[in-house]
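Written below as structure tokens is the structure these notes are about.
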Amino acid sequence: MPSFPCPQCGKPSHWTDNPSRPFCSERCKLIDLGAWANEEYRVPERQTTTRYDTNHDDEV
Ligand SMILES: [Zn+2]
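Heads up: the sequence shown at position 7 corresponds to 160 in the working numbering, and the numbers run straight through without jumps.
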């Protein structure tokens, strides 16, 4: 049975019969998803406003 380090805690985890893969447990899975939502993928609001598009259309 192949094993690999859990992305969250680094402990050896199994791939087969593991509903929480690639994490070693449901707990590590939830922790990683929490970090994902709170920090890693926080989208800056500044990038949503694109005024350059309208200005560019006027010049063309
Ligand atoms: Zn883990």
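Virtual Cβ for every residue (Gly too), placed ideally from N, Cα, C.
Here the structure is a predicted model, which is why all the values come from computation and not from measurement.
Practice prompt. Look up P175 in the DSSP assignment and give the residues it is bridged to.
Written response: P175 is not bridged to any residue.
Practice prompt. Quickly, what does DSSP pair P165 with across the bridge? List them, please.
Written response: According to DSSP, P165 bridges with P158.
Worksheet item: Alpha carbon to alpha carbon, how far is S156 from P175?
Response: So the alpha carbons of these two residues sit roughly 10 Å apart.
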